[in-house]
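Engineer: Pasting a structure here, questions to come.
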Amino acid sequence: MSFTVPLLNLRLRLSFWFFALVVFALRLDRQILLWYIVLPVVVHELGHLVAVAFCRVGLREIHLSAASIRIVTRATAPTYRKELIIAAAGIAANLILALWLRFFAFQSLRTMLMIASNLAVAAFNLLPVGNLDGGKLAGLIFSRYLEPRAAHTANAILSFVVLVPLSCLAGLLLLRSENFTLAVICVYLIAVSIAEAFGNSA
Numbered sequence: 432m433s434f435t436v437p438l439l440n441l442r443l444r445l446s447f448w449f450f451a452l453v454v455f456a457l458r459l460d461r462q463i464l465l466w467y468i469v470l471p472v473v474v475h476e477l478g479h480l481v482a483v484a485f486c487r488v489g490l491r492e493i494h495l496s497a498a499s500i501r502i503v504t505r506a507t508a509p510t511y512r513k514e515l516i517i518a519a520a521g522i523a524a525n526l527i528l529a530l531w532l533r534f535f536a537f538q539s540l541r542t543m544l545m546i547a548s549n550l551a552v553a554a555f556n557l558l559p560v561g562n563l564d565g566g567k568l569a570g571l572i573f574s575r576y577l578e579p580r581a582a583h584t585a586n587a588i589l590s591f592v593v594l595v596p597l598s599c600l601a602g603l604l605l606l607r608s609e610n611f612t613l614a615v616i617c618v619y620l621i622a623v624s625i626a627e628a629f630g631n632s633a
């Protein structure tokens, strides 16, 4: 689904998985949803958008999926340094908020949960897999020193190396404690990685 924001002349694309996440989230307790799920994700994505504005990169499209945001620029591609800043900005925003809460906010159980939520969002996006920020950062670094095909292969291998032990841990947690959260995350990351691998090879 896509539509244009008139005042900004910006096209917004929403994936099926974005709507699936919204439907799932609405089934949760609203207070938990607002403070411990939505806010860290919003802070993360705002970090990317602030970096885009700071780097003076014109926006043409924004693609929202269940776990990431993809930005399409209007004119020429951003420089290597600007791409690094934009890719790392979401993680940095979560870490900055977590540090601010740790040292300047009143320390309570809710504060600690918010800190943990921001750290969890930052750690998840730092994984060098698929279209997560970590995957984008790894891809940028590989492309800096390798040919495009070699960089793509190196990034795919890195994703595989990360996903294998993560999937084993998810299976262990599922068997021992019936905790399926990490298993669902791994299935999503594997699906995204496969889709990107086929998309880039086409």
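Quick note: the sequence shown uses the numbering used here, first residue 432, plus one each step. C-beta: ideal position from N, C-alpha, C; glycine also.
Could you check whether LEU603 and CYS617 sit closer than 8 Å to each other, using their CB atoms as the reference points?
Structural biologist: The answer is no: Cβ separation not under 8 Å.
Engineer: For the alpha helix (DSSP H) containing PRO596, list its first residue and its last residue.
Structural biologist: Its alpha helix (DSSP H) spans residues 579 to 608.
Engineer: Who are the near neighbours of SER548 in its chain, counting only those whose CB is closer than 6 Å to its CB and skipping five residues on each side?
Structural biologist: Same-chain partners within the cutoff: TYR467, PRO471.
Engineer: When you measure from the CB of ILE546 to every non-hydrogen atom of the ligand GDP, does any distance come out below 7 Å?
Structural biologist: Of ligands this structure carries none, so the ligand GDP is not represented either.
Engineer: Please classify ARG533: does DSSP put it in a helix, a strand, or coil?
Structural biologist: DSSP places ARG533 in helix when its eight states are reduced to three.
Engineer: Is ARG662 helix, strand or coil when you go by DSSP?
Structural biologist: Residue 662 cannot be examined here, being either before or after the span of the chain that is shown, 432 to 633.
Engineer: Taking the alpha helix (DSSP H) that PHE573 belongs to, which residues open and close that run?
Structural biologist: Element bounds for PHE573: 564 to 576.
Engineer: Could you tell me the alpha carbon to alpha carbon distance between THR542 and LEU550, rounded to whole angstroms?
Structural biologist: Distance between the alpha carbons of THR542 and LEU550: 12 Å.
Engineer: If contacts are defined as beta-carbon pairs under 8 Å, then LEU515 and LEU571 qualify, I think. What distance do you get, rounded to the angstrom?
Structural biologist: Yes, LEU515 and LEU571 are in contact; Cβ-Cβ is about 6 Å, under 8 Å.
Engineer: Let me know the secondary structure DSSP gives ARG491 once reduced to three states.
Structural biologist: If DSSP states are grouped into helix, strand and coil, ARG491 belongs with the strands.
Engineer: Where does ILE493 land, buried or exposed, given buried means 16+ other C-beta within 10 angstroms?
Structural biologist: Buried, because 16 or more other Cβ atoms sit within 10 Å of the Cβ of ILE493.
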